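Residue numbers (this note's numbering): 60 to 306.
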């Protein structure tokens, strides 16, 4: 078999596995996947490991596989729920042009925040690129911390306990609940600063959404970010109302 043909067949097998995981609707074990896709156990396991590394599937401790955070981000851009997210596009574009930086919408998927929509300002050549499907841990960066801060305190505390520095994160969440927004200084993307706030009363069943505005550190300074907070909070409030109507 040629390398080209072998590569195509590997891609088809991986896609069949993703389809089987999504179709299950709940965590599905390796033996069931082997039976459904008609592959050997070793081949299934090898492909699932790669899909896990790329975050297209995730695995629970008991061994079941479910849709991963990166797949959630991709799906948000192309499947029926995309229309709901796309309804936020005008508000994000307005926020990007007002601030002169990149505005993004993030959705919680398990312990991560997934970027599902972005708008980049045309005011600057050097700007933060919005990559659909990009994910960050909830405890790192403004977008994830904004989602955490809006969760019920008990759930937020449970997730914060898994962070590298739980005490620092808990203090940051307390400050965010007071201010209404979160600042970040290169935690996930060196040289990039960000400000984010939760979207109130969102429809998302997994526990929340946030809007972030980010840009190069030398331009998007703390003083500029704090000055933008009223526009950010107004946008989040607007989206909360919009999603409530669309849901």
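For every residue, glycine included, the Cβ atom is placed at its ideal position computed from N, Cα and C. None of the values given here were measured: they were computed from a predicted structure.
When the Cα of residue 291 is compared with those of 271, 280 and 300, which residue comes out closest? Each of 271, 280 and 300 was checked against the Cα of residue 291, and the nearest Cα belongs to 271.
For residue 283, name the three-state secondary structure that DSSP assigns. Helix at residue 283.
Starting from residue 164, follow the alpha helix (DSSP H) in both directions and report where the run begins and ends. No alpha helix (DSSP H) holds residue 164; the beta strand (DSSP E) holding it covers 161–168.
Sorted by chain position, which residues of the same chain lie with C-beta nearer than 8 Å to residue 72's C-beta, five sequence neighbours on each side aside? Answer for residue 72: 96, 98, 102 and 106, listed in chain order.
Can you confirm whether residue 272, when its beta carbon is compared against all beta carbons of chain B, has any partner nearer than 8 Å? Looking at the structure shown, chain B is missing, and only one protein chain is on hand.
Beta carbon of residue 267: closer than 7 Å to some heavy atom of the ligand GDP? Among the components of this structure there are no ligands whatsoever, and the ligand GDP is therefore not found.
In terms of residue numbering, what span does the alpha helix (DSSP H) encompassing residue 254 cover? No alpha helix (DSSP H) holds residue 254; the beta strand (DSSP E) holding it covers 251–257.
Would you call the region 73–82 and the region 116–127 touching, i.e. three or more CB-CB distances under 8 Å? Yes, the region 73–82 touches the region 116–127.
Considering only C-alpha positions, which residue in the set 154, 133, 215 and 276 is nearest to residue 289? The shortest Cα separation from residue 289 among 154, 133, 215 and 276 belongs to 154.
Just mark residue 202 as buried or exposed, buried being the case when its beta carbon has 16 or more other beta carbons within 10 Å. So residue 202 ends up on the buried side.
Would you tell me roughly how many angstroms separate the C-alpha atoms of residue 265 and residue 167, rounded to the nearest one? Summary for residue 265: the model assigns pLDDT 47, below 50, so the residue's position carries little reliability; its value from the coordinates is reported in the next sentence. Approximately 6 Å between the Cα atoms of the pair.
Determine the burial state of residue 210: buried for a count of at least 16 other Cβ atoms within 10 Å of its Cβ, exposed for fewer. Residue 210 sits buried, since 16 or more C-beta atoms from the chains shown fall within 10 Å of its C-beta.
N- and C-terminal bounds of the alpha helix (DSSP H) containing residue 89: First-last of the alpha helix (DSSP H) with residue 89: 89–96.
By a C-beta neighbour count over all protein chains shown, 10 Å radius and 16 as the cutoff for buried, is residue 233 buried or exposed? Its Cβ having fewer than 16 others within 10 Å, residue 233 is exposed.
Just checking, does the region 143–157 make contact with the region 214–227 on the three C-beta pairs under 8 Å criterion? No, the region 143–157 is not in contact with the region 214–227.
Let me confirm a value: residue 278 is counted as buried when at least 16 other C-beta atoms fall within 10 Å, else exposed. Which label applies? Exposed, since its Cβ has fewer than 16 Cβ neighbours within 10 Å.
Helix, strand or coil for residue 146 per DSSP? DSSP places residue 146 in coil when its eight states are reduced to three.
So what does DSSP say about residue 186, is it helix, strand or coil? Coil at residue 186, not helix or strand.
Where the alpha helix (DSSP H) containing residue 181 begins and where it ends: Residue 181 -> no alpha helix (DSSP H), and no H or E assigned at all.
By the three-class DSSP mapping on this structure, what secondary structure does residue 123 have? Residue 123 falls in the coil class under three-state DSSP.
Going by the beta-carbon positions, is the gap between residue 100 and residue 110 smaller than 8 Å? Residue 110 is positioned such that its CB atom lies no closer than 8 Å to that of residue 100.
I'd like to confirm the pairing. Which residues does DSSP put opposite residue 116 in its beta bridges? Residue 116 pairs with 126.
Do you know how far the Cα of residue 170 is from the Cα of residue 86? CA-CA distance, residue 86 to residue 170, rounds to 16 Å.
Would you report the Cα separation of residue 82 and residue 130, rounded to the nearest angstrom? Whole-angstrom Cα-Cα distance: 13 Å.
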